[in-house]
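Following: one structure in structure tokens, then a few remarks.
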């Protein structure tokens, strides 16, 4: 090639490259303006989330704000820098917009205007702490929890909080684990009950064994009664407890991680139906003591939450699912990139 | 034998000299290769600047995992580098080998647009990109050396590094501007990066030429361990490898320096890229003066002085109460350290290597120094954990003093011709 030809080719290459770059950036800007969200709303594009994934709209959370609409709180797992943050979304349309709070939690619950967020803490973040937060996500107090967080629950009026941690092992699915479950008065931070120190009765008789493990507390409305599960070897039991009397009573067998319905008449729970770790969700009617298996084929390891008196919500593989509480229908996807659901009902 | 080769290079270089403004004289090839590097560096630094952000924020990969992968690839590309250098020497096809290297890196930019969020494929692209960089460096530097008379090598590499570093300044600024314009949208960055890579490649393909006498020469025998070893046996080059190697062993990686500066100078984390850009800017401005100074007073002196500037930087990392004014001095010292060492070391090596083994020798040198730097980086990280950051810096500063003294002795005794020392 002659020098003049080469200069012409270079000029053409530069023109084509600069032109293409300008057009590409221009098209991208035009596209982003078209789908431009309102101020304060950030869009995590579907393309960054995975093939065929829908985008997620996020904003900063300043308050749980239950006025007019029920809310669902959860741990958001959008795979960006917000992963692991506490988030809140309107229950009527949870995918419309998720507000992300400044707290990070490995397990969260919220009820009666108060929340419990189990998160890393302690010396150099080597352990875990429970953070008690109000409806504006301000941390009122925090206390250390020993072991790896598994379950958290707050009583309906926001007074008491229960935490379950693994002090040995990190899963319920093999027999080799040890849990600690403790209930605290969230207004003072003082422990009101370590379940291992309460007396257990079964059929009116004292029931005790060194291998007892307690987990998954759920509170009734009266600031006294609560339910929890007890494990002894491969056997599990549903306990009814009283904070006032400091007692625990076995109600029935093969129940784990109970969750009391808003009307207080039923308990959603998980039960082994096959080998180790092969749990399904059931609902127990406390008047007839009859258990009904809920629809769904996948193994579930979660403490379920009641969406309303007819629906149960649970997390599985960072997706929240809803299923009818009477055993009919099938699971419906409620929210992606989320676990540890807690419903805050409109007052 | 070297005498003959050198005088030929001198004559050829003299013919190829182009007068530029001021009194800096370099051949057209040096400027063209500098422009290729400028556009390629805009392209690659755009991606390098945002890649951690992209991987960590968009794909959820831990920065540590990325660092580990990156480190392993640095080691792996050493083999490619020497093979490419030798191939270029053997057939006299410096340009073609360099085109393969630049081309591979350019192709990866389009790859980023296509692979989506697969972390393994992105890892593969980064690997191809690094491989391309490994392939092109030695033949490109050999071309610069072959088109420059020996006594002006410092200036020539200074001009090239100044243009190259200008790309390293522009690239990140451009990438972050695009990110400001289009938050969370990385595709335009990859596309614009690809466009710049193409322009750089076009300049190389269209205008840079091999030296015909080297192409027409009989190809050398195929690469063997023995042929590389024979090169190392050239006593002066062996001494240079030792000097460059021990100095690199006492060199903290950039990342640690910036991190330390940020902590000690009370710099906000989000301003960290500013430190990087400012240092590059100083490097860019001082590369040519440093190269000319090296040509005039001796490359060895300038090279060793560069490491004494690094010692100043180490001092600032541990000195108590370093204010904003002192931080400016640190940035200037750090940029000047780069200007005095990077291109100058290549110039020293180019001057002592025979024409027919220049790319091979340069690739061996880069491999030795970058492996030594990798070892230093791991050692510094371990020392940080074991004895704390301040003590680690002090140990490295002590090591640097010893290494500089050792390198000074080795260079003056064995490596340099009296005129160069």
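Chains as they are written, first to last, in this note's numbering: chain A, 56 to 402; chain B, 240 to 660. By construction, the Cβ of each residue, glycine as well, lies at the ideal position given by its N, Cα and C atoms. These numbers were taken from a predicted model, which means no experiment stands behind them.
* To do: Would you give the residue range spanned by the beta strand (DSSP E) that residue 227 of chain A belongs to?
  => Run containing residue 227 of chain A: none; DSSP gives neither H nor E here.
* What does residue 354 of chain B touch in chain A if you count any residue whose Cβ is under 7 Å from its own? -> Correct list: empty, because the minimum Cβ distance to chain A is about 12 Å.
* **Endpoints, beta strand (DSSP E) assigned at residue 208 of chain A** => Residues 203–209.
* Asked: If you measure beta-carbon to beta-carbon, which residues of the stretch 74–88 of chain A are closer than 7 Å to chain B?
  -> Answer set for the stretch 74–88 of chain A: 75, 76, 79, 80, 83, 84, 87.
* Cβ-Cβ distance between residue 572 of chain B and residue 548 of chain B below 8 Å -> Using a Cβ distance threshold of 8 Å, residue 572 of chain B and residue 548 of chain B count as a contacting pair.
* Asked: For residue 551 of chain B versus residue 429 of chain B, is the C-beta distance shorter than 8 Å?
  -> Note that the C-beta distance between residue 551 of chain B and residue 429 of chain B is not below 8 Å.
* Starting from residue 212 of chain A and walking both ways along the alpha helix (DSSP H), at which residues does that stretch end? -> Segment: none, residue 212 of chain A is in no alpha helix (DSSP H) and carries neither H nor E.
* DSSP state of residue 260 of chain B, grouped into three classes? -> With a pLDDT of 42 at residue 260 of chain B, under the threshold of 50, the modelled position of this residue cannot be trusted, and the question is left open.
* To do: Establish whether the CB of residue 528 of chain B and some CB of chain A are separated by less than 8 Å.
  => No, its Cβ sits nowhere closer than 8 Å to a Cβ of chain A.
* Please list, in chain order, all residues of the same chain as residue 317 of chain B whose beta carbon is under 8 Å from its beta carbon, the five residues on each side excluded. => Cβ-Cβ distances below 8 Å link residue 317 of chain B to 373, 606, 609, 610 in the same chain, with the five nearest sequence neighbours on each side left out; the list follows chain order.
* Determine which residues of the stretch 291–325 of chain A have a Cβ less than 8 Å from any Cβ of chain B, and write them out in chain order. => When C-beta distances to chain B are compared with 8 Å, every residue of the stretch 291–325 of chain A stays at or above that value.
* **Neighbouring residues, chain A, relative to residue 427 of chain B (Cβ below 7 Å)** => The contacting residues are 79, 80, 83.
* May I have the straight-line CA-CA distance separating residue 351 of chain B from residue 364 of chain B, to the nearest angstrom? => Between residue 351 of chain B and residue 364 of chain B, the C-alpha separation is close to 7 Å.
* To do: Give a yes or no on whether the C-beta atoms belonging to residue 402 of chain B and residue 273 of chain B are separated by under 8 Å.
  => Yes. Within cutoff.
* **Cβ of residue 160 of chain A within 8 Å of any chain B Cβ** => The C-beta of residue 160 of chain A comes no closer than 8 Å to any C-beta of chain B.
* To do: Return the bridge partner residues of residue 240 of chain A from the DSSP annotation.
  => Beta-bridge pairing links residue 240 of chain A to A/215.
* **Own chain, CB closer than 6 Å to residue 138 of chain A, minus 5 neighbours either side, in chain order** => Residues of the same chain with a CB within less than 6 Å of the CB of residue 138 of chain A, apart from the 5 flanking positions on each side, are 132 in chain order.
* Could you tell me whether the stretch 336–345 of chain A touches the stretch 226–240 of chain A, where touching means 3 or more Cβ pairs closer than 8 Å? => Because the criterion of three Cβ pairs below 8 Å is not met, the stretch 336–345 of chain A and the stretch 226–240 of chain A do not touch.
* To do: At 9 Å on the CB atoms, spell out the chain A contacts of residue 430 of chain B, in chain order.
  => Close to residue 430 of chain B, with beta-carbon spacing below 9 Å, are these residues of chain A in chain order: 75, 76, 79, 80, 83.
* **Rounded C-alpha distance that separates residue 634 of chain B from residue 486 of chain B** => In this structure, the alpha-carbon of residue 634 of chain B lies about 14 Å from that of residue 486 of chain B.
* For residue 657 of chain B, collect the residues of the same chain with a Cβ closer than 7 Å to its Cβ; drop the 5 residues on either side in sequence, then sort them by chain order. => Because the pLDDT at residue 657 of chain B is just 47, under 50, the model does not fix this residue reliably, and the point stays unresolved.
* Per DSSP, the bridge partner or partners of residue 474 of chain B -> In DSSP, residue 474 of chain B forms no bridge with anything.
* With DSSP as the reference, label residue 375 of chain A as helix, strand or coil. => Reduced to three states, the DSSP call for residue 375 of chain A is strand.
* **Cα-Cα separation, residue 327 of chain B to residue 632 of chain B** => Roughly 40 Å between the two C-alpha positions.
* To do: Would you kindly check if the distance between the Cβ of residue 194 of chain A and the Cβ of residue 216 of chain A is under 8 Å?
  => In this structure, residue 216 of chain A sits away from residue 194 of chain A, with a CB-CB distance that is not shorter than 8 Å.
* Should residue 597 of chain B be labelled buried (16 or more other beta-carbon atoms within 10 Å of its own) or exposed? -> When all chains shown are included, residue 597 of chain B counts as buried.
* Asked: Between the stretch 435–454 of chain B and chain A, which residues of the former have a C-beta closer than 7 Å to a C-beta of the latter?
  -> Answer in chain order: 437, 438, 441, 442, 445, 446.
* Does the distance from the C-beta atom of residue 302 of chain A to that of residue 253 of chain A stay below 8 Å? -> Taking 8 Å as the cut-off, the beta carbon of residue 302 of chain A is found closer than this to the beta carbon of residue 253 of chain A.
* Start-to-end residues for the beta strand (DSSP E) that takes in residue 334 of chain B -> Counting along the chain, residue 334 of chain B sits inside no beta strand (DSSP E); it lies in the alpha helix (DSSP H) bounded by residues 333–353.
* If you check the beta carbons only, do residue 578 of chain B and residue 636 of chain B fall under 8 Å apart? -> It is not a contact, given that the beta carbons lie outside the stated cut-off.
* Return the chain-ordered list of same chain residues with a C-beta closer than 7 Å to the C-beta of residue 200 of chain A, the five sequence neighbours on each side being excluded. => For residue 200 of chain A, where only same-chain residues beyond five positions count, the Cβ hits under 7 Å are 173, 183, 184, 185, 218, 220.
* To do: Mark residue 387 of chain B as exposed unless 16 or more other C-beta atoms lie within 10 angstroms of its C-beta, in which case mark it buried.
  => Sixteen is the threshold: when 16 or more other Cβ atoms of the shown chains lie within 10 Å of the Cβ of residue 387 of chain B, as they do, the residue is buried.
* To do: Taking residue 424 of chain B as the query, report the chain A residues whose CB atoms sit under 8 Å from its CB, ordered along the chain.
  => Chain A residues near residue 424 of chain B: 83, 87, 100.
* Please state if the CB of residue 408 of chain B and the CB of residue 270 of chain B are separated by a distance shorter than 8 Å. => No, they are not a contact pair.
* My understanding is that residue 439 of chain B touches residue 275 of chain B, with C-beta atoms under 8 Å, so please give their C-beta distance in whole angstroms. => Sure, about 5 Å apart at Cβ, within 8 Å.
* Using a Cβ-Cβ cut-off of less than 9 Å, give me the residues of the stretch 411–423 of chain B that come near chain A, in sequence order. => Across the stretch 411–423 of chain B, CB contacts with chain A closer than 9 Å involve 417, 420, 421, 422, 423, in sequence order along the chain.
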